[in-house]
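The structure appears right after this line, and notes come after that.
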Amino acid sequence: MNRTSIYAGIFVAIAAVLGAVLSPYDTGLLTQMLIYGIFAMSLDLLLGYTGMPSLGHAAYFGLSGYAAAILTLKLGWGFALAAPAGLLVAVVAAALFHLLALRTAHSYYLMITLAFSQVLWSVAVSWTELTGGDNGLPGVKRPDLGAWLPWSFATTRGFFYFVLIIFVVAAFALYIFVKSPFGYALRGIRDNEMRMRALGYNVWAYKFTVAMVSAFFAGLAGELYMYLNSFISPSSLSVTVSAQVLMMILVGSVGTLFGPVLGAGIFVLLQYVLSTYTDRWLFVIGLIYVGVALYAPEGAFGLIRDRMRTKRSARP
Amino acid sequence: MNEMGVNPLVVSHLSRNFGGVRAIDDVSLELKPGERRAIIGTNGAGKTTLFNVVNGQIPPSSGEIHIFGQNATKRPLHARAALGLGRTFQITSLFRSLTVIDNMIIAVQALHPCHFVFWRRAQRYRDVTARAEALLEKWNLADRRNELVKNLSYGTQRQLEIVMALAGEPRLLLLDEPMAGLSAAETHLATDIIVNLDRDITVLLIEHDLAAAFSIADSITAMDQGRIVAEGTPDEIRKESSLQKIYARGGATNS
Amino acid sequence: MTFWIINTLNGLSLAMILFLLAAGLTLIFGLMHIINMAHGSFYLLGGYIAITAIRLTGGFIFGAIVAVIAIAVIGAIIQRLFLARLYKQEMRQALLTLGLLFIVADIAFFTWGGDPLLVPQPPLLQGAVHFWGIVYPLYRVFLIGCGLVIAFCLWAFLERTTLGAIVRAGMDDEEMVRGLGINVPLVFTGIFALGAALAALGGVLGGPLLGMFPGADFEVVLLAFVVVTVGGLGSIRGAFLGSLLVGLVDNFGNAWFPQLSLFTIFVPMVIVLALKPTGLMGRV
Chain D
2 MNRTSIYAGI
12 FVAIAAVLGA
22 VLSPYDTGLL
32 TQMLIYGIFA
42 MSLDLLLGYT
52 GMPSLGHAAY
62 FGLSGYAAAI
72 LTLKLGWGFA
82 LAAPAGLLVA
92 VVAAALFHLL
102 ALRTAHSYYL
112 MITLAFSQVL
122 WSVAVSWTEL
132 TGGDNGLPGV
142 KRPDLGAWLP
152 WSFATTRGFF
162 YFVLIIFVVA
172 AFALYIFVKS
182 PFGYALRGIR
192 DNEMRMRALG
202 YNVWAYKFTV
212 AMVSAFFAGL
222 AGELYMYLNS
232 FISPSSLSVT
242 VSAQVLMMIL
252 VGSVGTLFGP
262 VLGAGIFVLL
272 QYVLSTYTDR
282 WLFVIGLIYV
292 GVALYAPEGA
302 FGLIRDRMRT
312 KRSARP
Chain P
59 MNEMGVNPLV
69 VSHLSRNFGG
79 VRAIDDVSLE
89 LKPGERRAII
99 GTNGAGKTTL
109 FNVVNGQIPP
119 SSGEIHIFGQ
129 NATKRPLHAR
139 AALGLGRTFQ
149 ITSLFRSLTV
159 IDNMIIAVQA
169 LHPCHFVFWR
179 RAQRYRDVTA
189 RAEALLEKWN
199 LADRRNELVK
209 NLSYGTQRQL
219 EIVMALAGEP
229 RLLLLDEPMA
239 GLSAAETHLA
249 TDIIVNLDRD
259 ITVLLIEHDL
269 AAAFSIADSI
279 TAMDQGRIVA
289 EGTPDEIRKE
299 SSLQKIYARG
309 GATNS
Chain F
333 MTFWIINTLN
343 GLSLAMILFL
353 LAAGLTLIFG
363 LMHIINMAHG
373 SFYLLGGYIA
383 ITAIRLTGGF
393 IFGAIVAVIA
403 IAVIGAIIQR
413 LFLARLYKQE
423 MRQALLTLGL
433 LFIVADIAFF
443 TWGGDPLLVP
453 QPPLLQGAVH
463 FWGIVYPLYR
473 VFLIGCGLVI
483 AFCLWAFLER
493 TTLGAIVRAG
503 MDDEEMVRGL
513 GINVPLVFTG
523 IFALGAALAA
533 LGGVLGGPLL
543 GMFPGADFEV
553 VLLAFVVVTV
563 GGLGSIRGAF
573 LGSLLVGLVD
583 NFGNAWFPQL
593 SLFTIFVPMV
603 IVLALKPTGL
613 MGRV
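Residue numbers (my numbering), protein chains in the order written: chain D, 2 to 317; chain P, 59 to 313; chain F, 333 to 616.
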């Protein structure tokens, strides 16, 4: 047992207990935190580990939610088909988009990721027959896994434990991913792309692959979110969602896995607390961005870790 | 090396234009196995452009490059490493936010079959870690193992720059001004590293510090205005009168 | 035929609005390497301020002048107060301007409400022109003319004036310009204010057609991003060509495939970037 697995165990145990004792409303918030946690980790693969600043990550979140909802409602597909198909749609969209995006210079990435997600958003708004337009698509039933997970997902608590299991699996997979040779290569690309190429790395292939992996996990979060609410609307594709998930990892910490999860937790709490006092949520997001940009670009957690590591190694 | 007779690097009639300017003009070079060749010349002589074309960072306008007998002219930069080509950069080019050992692991695994594996932890590949550790040990960097690269002194960074290029076991090594910005003592250390490199490794280096270049290289190529103007042993080059003129025109270059 | 002429003219008038935004974006990026997310805010605020000023005084030209000057000043303040402090830290600058975009969007919503507001058309330009049996709004013709005049002025400014030469040199090699003893921070502020003013003018002139509403800032800045991506960041000529392309494609796309909406503008983007990743006139 190393330290990381002990912390992970404690984290899961606390979450499991909270899920049992909290009110359904609070359990719902907790579910949101876990879902946004997956979403934020997926973006951090791009931004924090590879140095690709995406401002359109909601594209994959919303796209796979929409795909699963449309396949369920319009074609009558079951969960076992619709859910994987939704993820596939997000991954394929990421692949096609990055065939284009990776041709352009670094400066363009921020702009064309935003453009990409806004284009999808506008399609969701205007293709009313397929997407329900502004009203979105209500009425996708939560899945029932019968034999595999023998409890009902219809209750908030039941669904929470399903999300918790998915979260643990996703977090473990991502943990291995960032610790793998591939993950090391991503950090190398973030720090110095030219050196990586001189060392013999095919940088394009790494970026292309990580974009698809990231889209997969963003899509996973998007589907869970859609099932949580049994509803999806164009706002899931909006730049506000992209900006919020970016904020989670900036507030949490860039280039870690736990930081974005922490950021997701802080974000959901903040949104909850502030919504009882003010409806000027955009203003708050804006202020946080300005504050982060001016004062704490690496995120509080990242700065602390950085310092600790330096201190440890400075000792003889 | 068992490929006796195959020259590590053959450059033939290489040119590169930038807009209307010929940065290198009909350059031909041949390196013998194990040779240490230094390229000297004033600023703007085309040394770095030649390096970048050989390395694959920029394509040539015309001409060909053969590395160990293989035509590498059209190969992308990253594919040239697989032919046995390694290089260092004039401006220190490291992974600044990572530790020394992580820098080495990234360098070592580049040509290891595991480099694209994302379903197992890197630690599991003990041969990679062991080789990274061994290289640090060999080049006296083992005690800096866990330090972040950005906290290292400039001299140590330059040292790591070279050691990282050795990680992929290159048989042809391009060194772009390895002594740039080093103190006299550090220059000494770096010269030692290069002189003590395995004789299997063929070295092509750019060096501004003529004294260092003459002490390392067994042959010298002098460039001016994108062309090769002289080639020979250090002794022959010292006597070459045309070079005196070039250096007099270009001003002192021993920076 | 009428369909083609009208949609071409509509596309051109949208292109002129886009050009006003893209020109500023591209100048600011070319010189300062800032991806200015808040550019849409300048557009939105410009339109809203003009609406209020025109309501108070009744004069279109007066409203336009007030809006443009106000936004130029706001732009200069933002550049001086925030962006200059984050010199050469591109990610932080982008995040900061994104934050400003949200803040302005919120303030605008609480000041001007959520319903679309049109900038009143100047009375002189109401009515229509008749040609070849087509009746076409006079205001749109005026807008196309305005865009062309401004594009010419910008070109002349950059190519024919000393200040323009300094800006062009700064885009190529900032250190060199600093070395000449030019007050670079002042040039930065000036160009940022100019870019903001152009965006505001886009809001004022586009306002009678497109209207001002929550989300208009995102909509135009998105199109302007596509324009500069297609045209090439840092090039005024690229911004002009890109605007024409995107304006026309968006217009015809909307006419033919209304449910695909903005999706059609991805088509020219894919084609251009596939052939030339730096954009038509790109330098980076």
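Cβ coordinates follow ideal geometry from the N, Cα and C atoms, glycine included. Computed from a predicted structure; not experimentally measured.
- If you compare the alpha carbons of P:232, P:99 and P:215 with that of residue 286 (chain P), the shortest gap goes to P:99.
- Residue 215 (chain P) carries a helical assignment under DSSP once its states are collapsed to helix, strand and coil.
- For secondary structure counted as the beta strand (DSSP E) over 3 or more consecutive residues, the region 353-401 of chain F holds no complete run.
- Taking the C-beta atoms as reference points, residue 358 (chain F) is found nearer than 8 Å to residue 566 (chain F).
- Take residue 75 (chain D), set aside five residues on each side of it, and the residues of its chain with a beta-carbon closer than 8 Å to its own are 131, in chain order.
- Remark: C-beta atoms of residue 502 (chain F) and residue 481 (chain F) do not approach each other more closely than 8 Å.
- The secondary-structure analysis by DSSP pairs residue 68 (chain P) across a beta bridge with P:88 and P:124.
- When P:180, P:149, P:150 and P:176 are compared, the shortest CA-CA separation from residue 164 (chain P) is found for P:180.
- For chain D, the residues of the region 398-425 of chain F that bring a beta carbon within less than 9 Å of one of its beta carbons are 414, 417, 418, 421, 422, 423, 424 and 425, in chain order.
- Inter-residue distance for residue 379 (chain F) and residue 554 (chain F) is about 17 Å (C-alpha atoms, whole angstroms).
- Rounded to the nearest whole angstrom, the CA to CA distance from residue 188 (chain P) to residue 224 (chain P) is 15 Å.
- Among the residues facing chain D, residue 437 (chain F) is included, as its CB has a counterpart in that chain under 8 Å away.
- By the C-beta criterion, the region 41-61 of chain D is judged to be in contact with the region 89-101 of chain D, since at least 3 inter-stretch pairs fall below 8 Å.
- Nearest in C-alpha terms to residue 72 (chain P), of all of P:80, P:85, P:66 and P:92, is P:85.
- Residues of chain D whose Cβ lies closer than 7 Å to the Cβ of residue 113 (chain P) are, in chain order, 199.
- For residue 178 (chain P), at least one C-beta of chain D is nearer than 8 Å to its own C-beta.
- When DSSP states are grouped into helix, strand and coil, residue 195 (chain P) belongs to the helix group.
- The Cβ atoms of residue 295 (chain P) and residue 278 (chain P) sit closer than 8 Å to each other.
- Nearest Cα to residue 254 (chain D) within the set D:13, D:42 and D:141: D:42.
- DSSP places residue 193 (chain D) in the coil class of the three-state scheme, outside both helix and strand.
- By alpha-carbon distance to residue 291 (chain D), the top candidate from D:212, D:251 and D:45 is D:251.
- In this structure, residue 349 (chain F) places its C-beta atom within 8 Å of the C-beta atom of residue 538 (chain F).
- By the beta-carbon neighbour count (other beta carbons within 10 angstroms, threshold 16), residue 446 (chain F) is exposed.
- Between residue 53 (chain D) and residue 103 (chain D), the alpha-carbon positions lie close to 10 Å from each other.
- In this structure residue 374 (chain F) is buried. Its beta-carbon is surrounded by 16 or more other beta-carbon atoms within 10 angstroms.
- Note that the C-beta distance between residue 218 (chain D) and residue 186 (chain D) is not below 8 Å.
- For the region 83-110 of chain D, residues whose beta-carbon sits nearer than 8 Å to a beta-carbon of chain F comprise 101, 104, 105, 106, 108 and 109.
- Comparing alpha carbon positions, the residue from P:139, P:119, P:236 and P:101 closest to residue 212 (chain P) is P:236.
- Residue 120 (chain D) is not a Cβ neighbour of residue 589 (chain F), given a cutoff of 8 Å.
- Comparing alpha-carbon positions, the option among D:26, D:73 and D:296 lying closest to residue 156 (chain D) turns out to be D:26.
- In the three-state reduction of the DSSP assignment, residue 468 (chain F) falls in the strand class.
- Ranked by Cα distance from residue 82 (chain P), the options P:175, P:243, P:169 and P:108 are led by P:108.
- For residue 204 (chain P), same chain residues with a beta-carbon under 6 Å away, outside a window of 5 residues either side, are 157 in chain order.
- Taking residue 347 (chain F) as the centre and dropping the five residues before and after it, the same chain places the C-beta of 575, 576 and 579 closer than 6 Å to its C-beta, in chain order.
- Only exposed fits residue 458 (chain F), as fewer than 16 other CB atoms lie within 10 angstroms of its CB.
- Given a length threshold of 4 residues, each whole run of the alpha helix (DSSP H) inside the region 160-215 of chain D is given here in chain order: 182-192 and 194-200.
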